[in-house]
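Sequences listed follow chains R and C, in order. Residues in the first sequence are numbered consecutively from 1, following our numbering. Residues in the second sequence are numbered consecutively from 1, following our numbering. Each residue gets a CB set at the ideal place from its N, CA and C atoms; glycine is no exception. Note that the structure is a prediction, hence the values are computed from the model and not measured.
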Amino acid sequence: MNRRENLKLLFTGTFSTGLILTGCSPEEQASPENALLSGGTIGGRTDEEIQRDKELFSETFFTDTERKKLSTLVDIIMPKDDESPAASEIGVVDFMEFMMKDQPGNQTRMRGGLMWLDYEADEKFGKAFNELSESEVMGIVDEVAWPDTAKPDYEGGVRWFNALRNLTCSGYFSTEAGWKYMGYVGNTPNAWDGVPQEVMDKHGFQLEKKYLPVYLKPEDRGRVAEWDADGNLT
Amino acid sequence: MSFQIKSSGDSYDVIIVGSGAGGGMASKILSEAGLSVAIVEAGGDFDPAKEADRTQLRPPWESPRRGAGTQIRPFGDFDAAIGGWEIEGEPYTRKDGSEFDWFRSRMVGGRTNHWGRISLRFGPNDFKRASIDGLGDDWPIGYDDVKPYYDKVDKLIGVYGSKEGIYNEPDGFFLPPPKPRLHELYLKKGATSASIPMIPSRLSILTRPINKDRGVCFFCRQCNRACQVYADFSAGTCLVHPAMKQGKVDLFTHSMVRKVTTDDSGKATGVSFVNVKDMKEYKLQSSVVVLGASACETSRIMLNSKSKTHPNGIGNSSGVLGHFLHDSTGASRSGIIPDMMGRERYNEDGTGGMHMYTPWWLDNKKLDFARGYHIEYGGGMGQPGYGAGGNMESMRKYITDEFGKPSPNGGYGQGLKKDIRQIYGSTVGMSGRGESVPRFDNYCEIDPAVVDKFGIPVLRFNYKWTDQEINQAKHMQDTFEEILTGSGAQLLGTKPGADSLYGLAAPGRIIHEVGTARMGNDPKTSVLNSNSQAHDCKNLFVVDAGSFVSQADKNPTWTILALSWRTSDFIVSELKKKNI
């Protein structure tokens, strides 16, 4: 189905709940599944926005050393499992690189946290962070990953790791793989006809009787509305 | 985005400044009456049906920032509204610790490209507040004057809702409302246990078609991105573009109005504006000037329109222009409903906003604040984008395993990933939107020291909340806790206390600012008469929320539309009678 046909269907309201469109416009076909979009945001951009995205992509924030640290950390936060890929496989570090430039107010905290990793690695193990073994890395991560039980000395590290965790999750769940894991099935034209009955039953809800004649009936979505003088739909 | 420029000296029957709700409606009604109309808009043209302008149905990975807000789109990278709280080269200032924030959209349709489509009529009491509580002033008109126009707006634009028969929440010509979502049923349980009503919301979204020109809602929950089939209301898609198709309407985009020009007698002769593309000054002439640039922008233009006959700005012999600025109050709270954790997945997008809301339900005579508020609800399995899976450093503890053992806050790994999936769709939130008491001391004025990049003097805001609004916010917080607790929710965060004014948002944040050119019968205490005609200048009209005497506990848009239609009818009739 092409986009024009899509639009025609959307206009006439001939959707039923069962008919779900699949995106098949050229830019959707071309959209990267797992990588960060490299050309800037698609759709409705002003000249200023196009220019700004271009500039941000032309700059580099993280050093190779920092990227290596981040790759280790994001995969600890969101690792690969049976159902979903690891964060580094779906461009989370590239997403962070972009966000650092897009929201420069976060740069100092992020860079400071990544610097502190080397200090802590040296204190604990006499090595740079990127040279640590897996268990040594976890020795540091565990100091800052648990806000309610972390030692007071690590308060700053905890705050940084909280921000890192949040940014990792943003980058992870905003992907196709993240949607699939989460089970999000929206962002597609449909006809809302209320919570599925089995879910209503499970949660013990019933619709209020007096509204049953009032609520939208999907089969009426193609009929032009008309009212009597008192505002009742006819 | 289109751009056109006419040579100076072009003359129209009417010039309309601004293409939002007020300007858009005026352009439709005045052009349908056969008048030649020039719309002067500071931003560019915009049509969400054009593929180039479409942000609807785009997944977050079509944005490198995954939909995060930017300066010009603070509500997200795919939000339709272009402008924001701070616009490069177009500053505004604040005085004496005022916190006022000003949201502007620079585009055809203005801020109707952003809003939540909540389309509530003001009720009979909302026009007569001073008579009820002795504060502020009554409107010079009442509900009966506006009702015929609300009816017409309902039919022209479309709004879904349910007939409830509540005196101060007048029913209209409603389209069928959508059934509630799961979290709305939980919240309804909480509201009912607290004896608080919760009814189908009233949003200007087409659940059924109203004509052949606009499509129906296909439930993507993205009205804020502008609808490619025009199934929601925005002034560009429903008013301005249809007017341009049918009538004698010229649209001047990228045109920033500096002032209303006048002749020696003080009569308006047109406008002077800067073309923001070539940065040159242009003039247009007309028999009538209609301002619909938004309450604050309109008062700025009027204050800047000084002449021998209008030394304090056009329409400002009263000295009231810019005063009585007031925004809705706002406060929020959220919770998490354990019974909704790990719930079944299905497409829950629904319409672009809440399916149920709470209108004001109490009698202020029994309370320590004068005016009411309505409650808006949020939640559900929304689209995961920027911010998804966040706040686990404080929220993860609400997730328990099969033995009832809570997860530790923070953490990492497969367990964290699973917990995020478990918690998805179980958080709910609510926001109060209340009426504030208009005060002369809350105002915008021209900052004598600051101009924008066009050399136009800018606004300076002076605004303080009073105990009326603070006590109302306190009441909101108590109510929110009651509803959340009754819904079976665990409260998130700590209850905002006196130190934060109970979470009361800074003035301007709710984007309902009104009242800067208020109407009234007495030219000494008001800027406009009851037809929104300037007391001091018969061929100058205001069709945005500047004319409001008081902003009800409702959203202002439906009233802007109704009053703009009413004023437009008056303009046509006065032109026919040759009174202007």
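{"Query": "Closer than 8 Å to chain R by CB, CYS220 of chain C", "Result": "yes"}
{"Query": "Burial state of GLY89 of chain C (16 or more Cβ within 10 Å)", "Result": "exposed"}
{"Query": "Top-ranked residue by Cα proximity to PRO59 of chain C, from C:GLY172, C:ILE166, C:ALA505, C:GLN222", "Result": "C:GLN222"}
{"Query": "Validate contact between the stretch 433-452 of chain C and the stretch 548-563 of chain C using beta carbons, cut 8 Å, 3 pairs", "Result": "yes"}
{"Query": "Beta-carbon spacing of GLY503 of chain C, ALA331 of chain C below 8 Å", "Result": "yes"}
{"Query": "Where the beta strand (DSSP E) through PRO448 of chain C begins and ends", "Result": "443-451"}
{"Query": "VAL542 of chain C vs LEU30 of chain C beta-carbon contact at 8 Å", "Result": "no"}
{"Query": "Selection of the stretch 51-67 of chain C by Cβ proximity to chain R, strictly under 8 Å", "Result": "GLU51, ALA52, ASP53, ARG54, THR55, LEU57, ARG58, PRO59, PRO60, TRP61, GLU62, SER63, PRO64, ARG65, ARG66, GLY67"}
{"Query": "Three-way DSSP call (helix, strand, coil) for ALA38 of chain C in this model", "Result": "strand"}
{"Query": "Cβ of PHE191 of chain R within 8 Å of any chain C Cβ", "Result": "The sequence given here places Ala at residue 191 of chain R; Phe does not occur at that position. Chain C, which has a Cβ nearer than 8 Å to the Cβ of ALA191 of chain R, makes this yes."}
{"Query": "Whether HIS355 of chain C touches PRO180 of chain C by CB criterion (8 Å)", "Result": "yes"}
{"Query": "TYR167 of chain C burial status per 10 Å Cβ neighbour count (16 or more: buried)", "Result": "exposed"}
{"Query": "For VAL249 of chain C, the residue or residues it bridges with in DSSP", "Result": "C:VAL37"}
{"Query": "For ILE42 of chain R, three-class secondary structure by DSSP", "Result": "coil"}
{"Query": "Residue closest to ARG52 of chain R, alpha-carbon to alpha-carbon, out of R:GLY39, R:LEU132, R:PHE62", "Result": "R:GLY39"}
{"Query": "Alpha carbon of TRP115 of chain C to alpha carbon of ILE140 of chain R, nearest angstrom", "Result": "46 Å"}
{"Query": "ILE483 of chain C and ILE196 of chain C closer than 8 Å at C-beta", "Result": "yes"}
{"Query": "Beta carbon of LYS538 of chain C nearer than 8 Å to that of SER318 of chain C", "Result": "no"}
{"Query": "Where ALA534 of chain C falls: helix, strand or coil (DSSP)", "Result": "strand"}
{"Query": "Meets three-Cβ-pair contact criterion under 8 Å: the stretch 98-105 of chain C and the stretch 184-199 of chain C", "Result": "no"}
{"Query": "Positions along the stretch 73-98 of chain C whose CB lies within less than 9 Å of some CB in chain R", "Result": "ARG73, ASP77, PHE78, ALA80, ILE82, GLU88"}
{"Query": "8 Å Cβ cut-off: residues of chain D touching GLN414 of chain C", "Result": "In the structure shown, chain D does not exist; the protein chains are R and C."}
{"Query": "Per-residue DSSP class, three states only, for TYR463 of chain C", "Result": "coil"}
{"Query": "Cβ of ALA225 of chain R within 8 Å of any chain C Cβ", "Result": "yes"}
{"Query": "Cross-chain neighbours of PHE174 of chain C in chain R, by beta carbon under 8 Å", "Result": "GLY231, LEU233"}
{"Query": "ILE76 of chain R: contacting residues in chain C (beta-carbon distance under 9 Å)", "Result": "TYR412, GLY413"}
{"Query": "Extent of the continuous beta strand (DSSP E) to which ASN275 of chain C belongs", "Result": "268-275"}
{"Query": "Nearest-angstrom beta carbon gap, SER255 of chain C and GLY110 of chain C [assumed within contact, 8 Å]", "Result": "14 Å between Cβ atoms; not a contact."}
{"Query": "Contact set between PRO147 of chain R and chain C, taken where Cβ atoms lie within less than 7 Å", "Result": "GLU393, ASN409, GLY410"}
{"Query": "Positions along the stretch 100-123 of chain R whose CB lies within less than 7 Å of some CB in chain C", "Result": "ASP102"}
{"Query": "Coil, strand or helix - TYR357 of chain C by DSSP", "Result": "strand"}
{"Query": "CA nearest to the CA of TYR136 of chain R, picked from R:PHE125, R:TRP192, R:ASP82, R:MET110", "Result": "One point to set straight first is that residue 136 of chain R is Glu, not Tyr, in the sequence displayed. It is R:PHE125 whose Cα lies nearest to the Cα of GLU136 of chain R."}
{"Query": "Other residues of its chain near ASP94 of chain R: CB distance less than 6 Å, five sequence neighbours each side excluded", "Result": "LEU36"}
{"Query": "Identity of the residues DSSP links to TRP558 of chain C by a beta bridge", "Result": "Partner(s): none; TRP558 of chain C has no beta bridge."}
{"Query": "Same chain only: Cβ atoms within 7 Å of PHE173 of chain C, ignoring 5 sequence neighbours per side", "Result": "ASP151, ASP154, LYS155"}
{"Query": "Classification of THR22 of chain R by the beta-carbon crowding that lies within 10 angstroms, buried from 16 upward", "Result": "Here THR22 of chain R scores only 40 on pLDDT, less than 50, and its place in the model is too uncertain to base an answer on."}
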